[in-house]
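K.L.:
Sharing a structure with you now.
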Amino acid sequence: MEALLSKYPDQIPWLERHGFSVQDLIESLKWYPAQQLGEMESAPPEEREGRYATLEEVSEENFDRLEANLVKVLPIQQELIPDMSEFASCRILVISSTTDQAQQFVQRVKALRSDSIDFESTGQQTPVLTNTSDNGSICIPWTIVNKYYTADVHFEIRELQSFSGDHASEVPAIIYVWSCGEPYQDYVSTLSQKLQHHDPEVSLAVRLGGASSVPAEGKDAEDGLDEFLSSHGLEYVDGDRDGAGYLDEDRSGVPGLPRVIDALSTIMWPSLVQSAATSARKSRARELLDWARVEEADDGLRALISSNDDKEHEVGSSGADAAPKKSRMQREMDELEKWLEEDDIGRRRMDDAQAWIARDDATDGWSDIPTPMIRTPGGDQTSLALTTTSQNLLVHQWT
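UniProt numbering applies: residue 1 is where the sequence shown begins, and numbers increase by one.
Written as structure tokens, this is what we have:
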């Protein structure tokens, strides 16, 4: 099988990035009509037309036929599953006064990740030009990789002068990039007006080349900059802090360039593919939930994981027989919760009494006067009974 797949170096990784495994690919063959996949020797002639292939008929034993079918199926799969990374929903819109400045920012972001092969091997990022209906834009593909998922996305670079609000339609992330010395206040005000009808999930403002001027301006100027950008819906990021040579928490409190990747990683991109570890954790959680639902018949766990449907059933039912019986664990948890509430109330009353007594004792000239005693309802015997009940309950529950 490896020899067969090695003949398709471009298609197979593409399928894997979209969540297809080799087994998925073979499984998908059975959904195509037999006449589309070719002659099936095991099928009678009268059943070939309109018949669907089975996994036994398309297997490693029919290696030659499988290879021929892969040639036909792969283009079909690509048509059925479009490349989501090209859509606006997978776009990171980068706006700046010049395209060179925006590309410098993109290159620095990609250089933070070890998966930026092009930038690390050549020292420069070659942008991909795409022809669009509105004078063309610079598009740079990128793959977000973290421990939870991978997602194929792309940066789209536009100059501020030619940018319009329509360019931000359905775009989940917008990043404004400027350098020290630019009239950023005027630019941000203009940008804010153009984006007033859009609400992206991530809105960042990244300053480049401004680190040398920060100490001279002082922290007050930095706070003023952060406040101004925040008032226009932008989060301030210092693009000169790349995680090297700076402390994780700088005195100014302004995040560095790694914040860009962190913010972009919070978006649920349509091209997202979960990592194996994440899928395994979810599978394990489902197994534990199924186990709990089975075990509840014996120890009453359903009371802890009951769904809204159970609640609706309880409200809609009438009569004593309709009320569901509480499990042993749920009854004990209710009793423990009630005891904690009563104990908390009693403790607050005692604290108030002690504070009142201490305040009177500290008053000059009144220390020799007998102090009235305030007793909580039940006294020490009630507290002792509650403590004993809680201990017995905990021992009974966890043994």
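Note that beta-carbon positions come from the ideal geometry of N, C-alpha and C, so glycine has one too.
#1: By DSSP, does Tyr187 sit in helix, in strand, or in coil?
#2: Would you identify the three-state DSSP class for Arg91, choosing helix, strand or coil?
#3: Could you tell me the boundaries of the alpha helix (DSSP H) in which Arg259 lies?
#4: If we ignore side chains and look at the alpha-carbon of each, how far apart do Arg259 and Val237 end up?
#5: Quick one, which of Val109, Asp166, Asp186 and Val171 has its alpha-carbon nearest Trp142's?
#6: If you run the structure through DSSP and keep just helix, strand and coil, what is Val153?
#7: Which same chain residues, not among the five before or five after Lys194, have their C-beta less than 8 Å away from its C-beta?
#8: Considering only C-alpha positions, which residue in the set Ile144, Ser89, Thr99 and Ile92 is nearest to Tyr111?
#9: Here's a check: name, in chain order, each residue in its chain whose Cβ is nearer than 8 Å to the Cβ of Gln196, leaving out the five neighbours to either side.
#10: Just verifying my parser: in three-state terms, what is the DSSP assignment at Thr99?
#11: CB-CB under 7 Å to Thr99, same chain, minus the five flanking residues each way: which ones, in chain order?
#12: Which residues in the same chain have their Cβ closer than 6 Å to the Cβ of His198, if we skip the five residues on either side of it in sequence?
#13: Just curious, the beta strand (DSSP E) that Leu204 is in, first and last residue?
#14: How big is the Cα-Cα spacing for Gly209 and Val106?
#15: Distance, Cα to Cα, Val177 vs Ile261?
#16: Between Arg207, Ser231, Gly224 and Gly256, which has its C-alpha nearest Gly181's C-alpha?
#17: By how many angstroms is the C-alpha of Ser97 removed from the C-alpha of Ser203?
#18: Do Val188 and Leu234 have their C-beta atoms within less than 8 Å of each other?
#19: Can you give the Cα-Cα distance for Asp226 and Gly253, rounded to whole angstroms?
#20: Name the residue from Gln101, His232 and Tyr149 whose alpha carbon lies nearest to the alpha carbon of Ser179.
#21: Can you give the Cα-Cα distance for Ser212 and Asp242, rounded to whole angstroms?
#22: What do you get for Ser231, buried or exposed, if any count of 16 or more other CB atoms within 10 angstroms of its CB means buried?
#23: On the DSSP letters alone, give me the boundaries of the beta strand (DSSP E) that Cys139 sits inside.
#24: Taking a contact to mean a Cβ-Cβ separation below 8 Å, would you say Asp92 touches Leu264 in this structure?
#25: So Glu170 and Ala88 are supposed to be a Cβ contact under 8 Å. How far apart are they, rounded?
#26: Could you tell me whether any non-hydrogen atom of the ligand GTP is closer than 7 Å to the CB of Ala263?
#27: What span of residues does the beta strand (DSSP E) with Asp238 cover, start to end?
#28: Which word fits Tyr184, buried or exposed, when buried means at least 16 other C-beta atoms lie within 10 angstroms of its C-beta?
#29: Helix, strand or coil for Ser179? Go by DSSP, reduced to three states.
#30: Return the chain-ordered list of same chain residues with a C-beta closer than 6 Å to the C-beta of Asn146, the five sequence neighbours on each side being excluded.
#31: Can you tell me which of the three DSSP states Leu112 falls into?
P.N.:
With the structure as the only source:
#1: Taking the first residue of the sequence shown as 1, we reach residue 187 at position 187. In this structure, Tyr187 counts as helix in the three-state DSSP scheme.
#2: For this step, residue 91 is matched to residue 91 along the sequence shown. Secondary structure of Arg91 (DSSP, three-state): strand.
#3: Counted from its first residue, the sequence shown places residue 259 at position 259. If you look at Arg259, you'll find it in the alpha helix (DSSP H) that goes Pro258 to Leu264.
#4: Position 259 of the sequence shown holds residue 259. Position 237 of the sequence shown holds residue 237. Their backbone Cα atoms lie some 7 Å apart in a straight line.
#5: Taking the sequence shown and counting its residues from 1, the one referred to as residue 142 is at position 142. Of the candidates Val109, Asp166, Asp186 and Val171, the one whose C-alpha sits nearest the C-alpha of Trp142 is Val109.
#6: Here residue 153 corresponds to residue number 153 of the sequence shown, with the count starting at 1. Correct three-state label for Val153: strand.
#7: The residue you call residue 194 lines up with position 194 of the sequence shown. Here Lys194 has Phe163, Ser164, Gly165 and Ala168 as same chain residues with Cβ atoms under 8 Å from its own Cβ, once five neighbours each way along the sequence are excluded.
#8: Start at 1 with the first residue of the sequence shown, and residue 111 comes out as number 111. Note that residue 111 is Ala in the sequence shown here, rather than Tyr. Comparing Cα positions, the closest option is Ile144.
#9: Stepping through the sequence shown from its first residue, residue 196 is reached at position 196. So the qualifying residues of the chain are Gly165.
#10: As a working mapping, residue 99 is identified with position 99 in the sequence shown. Shown here, Thr99 sits in a helix according to DSSP, grouped into three states.
#11: In the sequence shown, residue 99 corresponds to position 99, counting from 1. So the list reads Ile138, Ile157 and Glu159, once near-sequence residues are dropped.
#12: Counted from its first residue, the sequence shown places residue 198 at position 198. The residues are Ala168.
#13: The sequence position of residue 204 within the sequence shown is 204, counting from 1. Where Leu204 is concerned, the enclosing beta strand (DSSP E) stretches over Val202 to Leu208.
#14: By one-based count along the sequence shown, residue 209 stands at place 209. By one-based count along the sequence shown, residue 106 stands at place 106. Straight across, the Cα-Cα distance linking Gly209 with Val106 is about 15 Å.
#15: Against the sequence shown, residue 177 aligns to sequence position 177. Against the sequence shown, residue 261 aligns to sequence position 261. Each residue's Cα considered, the two are about 15 Å apart.
#16: On the sequence shown, position 181 is the one that residue 181 refers to. Ranking the options by Cα distance to Gly181, first place goes to Arg207.
#17: Stepping through the sequence shown from its first residue, residue 203 is reached at position 203. Stepping through the sequence shown from its first residue, residue 97 is reached at position 97. Put simply, the backbone Cα of Ser203 is about 17 Å away from that of Ser97.
#18: Within the sequence shown, the letter at position 188 stands for residue 188. Within the sequence shown, the letter at position 234 stands for residue 234. Yes, the pair counts as a contact, with Cβ atoms nearer than the cut-off.
#19: What you label residue 226 is simply residue 226 of the sequence shown in a count that begins at 1. What you label residue 253 is simply residue 253 of the sequence shown in a count that begins at 1. Straight through space, the alpha carbons of Gly253 and Asp226 are spaced by roughly 10 Å.
#20: As a working note, residue 179 is residue 179 in the sequence shown. Here the closest residue by C-alpha is Gln101.
#21: In the sequence shown, the residue the question calls residue 212 occupies position 212. In the sequence shown, the residue the question calls residue 242 occupies position 242. In this prediction, Ser212 scores a pLDDT of 46, lower than 50, which makes its location untrustworthy; no coordinate-derived value is stated.
#22: Counting from one through the sequence shown, the residue named residue 231 turns up at place 231. Exposed, since its Cβ has fewer than 16 Cβ neighbours within 10 Å.
#23: In the sequence shown, residue 139 corresponds to position 139, counting from 1. That run of the beta strand (DSSP E) goes Ser137 to Val145.
#24: Here residue 92 refers to the residue found at position 92 when the sequence shown is read from its first residue. Here residue 264 refers to the residue found at position 264 when the sequence shown is read from its first residue. Before going further, note that residue 92 is Ile rather than Asp in the sequence given. The answer is yes: Cβ separation under 8 Å.
#25: Numbered from 1 along the sequence shown, position 170 holds the residue referred to as residue 170. Numbered from 1 along the sequence shown, position 88 holds the residue referred to as residue 88. Indeed, because the Cβ distance is near 4 Å, the residues count as touching under 8 Å.
#26: This structure simply doesn't include the ligand GTP, nor any ligand for that matter.
#27: Against the sequence shown, residue 238 aligns to sequence position 238. Start and end: Glu235 to Asp238.
#28: As a position in the sequence shown, residue 184 is number 184, starting the count at 1. Buried, since its Cβ has 16 or more Cβ neighbours within 10 Å.
#29: On the sequence shown, residue 179 is found 179 positions in, with the first residue counted as 1. When secondary structure is reduced to three states using DSSP, Ser179 falls in the strand class.
#30: Taking the sequence shown and counting its residues from 1, one reaches residue 146 at position 146. For Asn146, where only same-chain residues beyond five positions count, the Cβ hits under 6 Å are Ser265.
#31: Indexing the sequence shown from 1 puts residue 112 at position 112. For Leu112, the secondary structure class from DSSP, reduced to helix, strand or coil, is coil.
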